[in-house]
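What follows is a single structure, written as structure tokens, with notes after it.
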Amino acid sequence: MPTIATSVPRAAFAWVTQKLMGKVGIPVITSNRINTPEVAEKVLAEGCADMVSMARPMLADADFVAKAAEGRADTIAPCIACNQACLDHTFSGKLTSCLVNPRACHETELVIEPADAPRRVAVVGAGPAGLSAALTAAQRGHEVTLFDRDREIGGQLNMAKQVPGKEEFWGLVDWYRTMVAEAGITLRLGHEASPDDLAGFDDVVIATGVLPRDPSIPGQDGPNVVDYIDVLRGKAKVGKRVAVIGAGGIGFDVSEFLVHEGESPTESLPAWMTEWGVTDPAEHRSGLAPEGPQPHAPARQVTLLQRKSERLGKRLGKTTGWIHRAALKMKNVEMIGGVNYEGIDADGLHVSFGEARERPTVIEADTVVLCAGQVSERSLADALEARGVACHVIGGADVAAELDAKRAIDQGTRLAATL
Ligand SMILES: Cc1cc2nc3c(=O)[nH]c(=O)nc-3n(C[C@H](O)[C@H](O)[C@H](O)COP(=O)(O)OP(=O)(O)OC[C@H]3O[C@@H](n4cnc5c(N)ncnc54)[C@H](O)[C@@H]3O)c2cc1C
Ligand SMILES: Cc1cc2nc3c(=O)[nH]c(=O)nc-3n(C[C@H](O)[C@H](O)[C@H](O)COP(=O)(O)O)c2cc1C
Ligand code: SF4
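Per the numbering used here, the sequence shown starts with residue 927, numbered consecutively.
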């Protein structure tokens, strides 16, 4: 069962230590997924433990305790329980760090110092790359203007937060909003930045993210084909039988989004325990319900496909990939690898297998969702270059392959530390 991943409800195991309270003669400390002072206070107030342990939240913000004591909890960088830069690194023999705080365990090497002289810095794109660059630059004393064509900051994090089990991304975007305001950054939202807007700045940072890759499948312009952006932004009507093209992180997340209906189990501890078959270890050995996991029936029949013949989800997080695979299996998502996409028509998605394009098969589907990768959105960077204007390109705008928020935030922070 998952015990610390982001889809585990906050303080999900505090009820276990609560059972020991008053029954043992030593202090009881509770742990796991307690990531804000408010949750910690609630655990204590409800008599679940004498003390609270926090591991990953201290990587996300080393000033957690000081900020809580000062009544500035909203400025604490939240641990989103992704494991991407902490335990995934630990178990791969890499130095532990933190997705939201790339300085964690790199404090002596990634130093954020006041700038020698303040400069006027423009950052285009308020996704994680642009946000971290803008924030670090402003914290160093630069005068920063941050542009985004959207009406809200966050970039793709605003899609991630729609996925059941990824609710922690709401807190991350809220934190950035608080910090952008506190740092005095000038925000220009709802504004598509053009080269003219960027004249007169000392430094221009392009963090314009990515565009969906065009998979060039015959029939992809049909009315039954939509892309992941329209699905996650609620703009696409999706039928009951769905084929999802592309089984990267986004393909997995979109599948999770599509099989769910109603409240996310991450928001309801009893629902989450039923879904994963978690019960009281005093009643059943190891806390595993004898009837096993009891997930809700899937809201849709989803087939998830990829071109590669390797196991689906092989490249997901080292400590969390199994959870995503198990969650989709519980919802009867069929996972098929090694396919060629032959075409899409009213019957659904036509595929074949292997180099010889054998075993032609129709995946019957009302809707086909494209999650076929991403390419860098470089149009603004190219337009600036054509004018001979130097700019720094970071995040997905720089390299789209294997992009994630960890790399985007790390790159944004490191660039701004040098401006
Ligand atoms: C469903 C989903 C789930 C995800 N889950 C995870 C996860 O669990 N962990 C993880 O690490 N990553 C995750 N990601 C990936 C992560 O969100 C991206 O890698 C990251 O957001 C890329 O950051 P970025 O700043 O480079 O670009 P983006 O987040 O794409 O931001 C680019 C911004 O630039 C703006 N922009 C573009 N052109 C202009 C212009 N000319 N003027 C003004 N604004 C402009 C756009 O509006 C956008 O807001 C997920 C992504 C999705 C879609
Ligand atoms: C980098 C890192 C190293 C850890 N090492 C250990 C360990 O050696 N032994 C252990 O029992 N738990 C270890 N843990 C687990 C934590 O003690 C804690 O139980 C877990 O992270 C859940 O709590 P949290 O949500 O506050 O992070 C480690 C966690 C992290 C992030
Ligand atoms: S990498 Fe993710 S899970 Fe680990 S401490 Fe940072 S935010 Fe938390």
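The C-beta atom is built at its ideal place from N, Cα and C for all residues, glycine as well.
Who are the Cβ neighbours of Q944 in its own chain at under 6 Å, not counting the five residues just before and after it? C974.
Proximity of M891 and I1155 at Cβ, strictly below 9 Å: Only positions 927 to 1345 of the chain appear in the structure, and residue 891 is not among them; the question remains open.
What residues come near ligand 2, if near means a beta carbon less than 7 Å from any of its heavy atoms? Qualifying residues come out as I930, S957, N958, R959, I960, N961, S979, M980, A981, R982, P983, L985, C1005, A1007, C1012, L1013, T1016 and T1022.
Is R1046 close to chain D, meaning its C-beta is less than 9 Å from at least one C-beta of that chain? No chain D appears in this structure, which consists of one protein chain only.
Locate the alpha helix (DSSP H) running through V942, then write down its first and last residues. A940 to Q944
Please find out if some non-hydrogen atom of ligand 3 comes closer than 8 Å to the beta-carbon of A966. no
Quick one: grab the DSSP three-state call for R915. Only positions 927 to 1345 of the chain appear in this structure, which leaves residue 915 out of reach.
What is the residue span of the beta strand (DSSP E) that T1112 lies within? T1112 to L1115
Where the beta strand (DSSP E) through N1266 begins and ends: V1265 to D1271
Do you know whose CA, among I1270, D1179, D1129 and N1150, lies nearest A1253's CA? D1179
Return the CA-CA distance between A1316 and I1132, expressed in angstroms with no decimal places. So the alpha carbons of these two residues sit roughly 10 Å apart.
N- and C-terminal bounds of the alpha helix (DSSP H) containing L1345: According to the DSSP assignment, L1345 belongs to no alpha helix (DSSP H), since it is labelled neither H nor E.
Please indicate yes or no: does the CB of D1153 lie closer than 8 Å to some heavy atom of ligand 4? Only ligand 1, ligand 2 and ligand 3 can be found as ligands here, which leaves ligand 4 out of the picture.
Using the beta-carbon count (16 or more within 10 Å), is S1305 buried or exposed? exposed
Cβ-Cβ distance between D962 and P928 below 9 Å: The identity of residue 962 in the sequence shown is Thr, whereas the question assumes Asp. No, these two residues do not count as a Cβ contact at 9 Å.
Any heavy atom of ligand 3 inside 8 Å of the beta-carbon of A1030? Taking non-hydrogen atoms of ligand 3 into account, the C-beta of A1030 is found less than 8 Å away from one of them.
How about Y1102 and L1057: are their beta carbons less than 9 Å apart? yes
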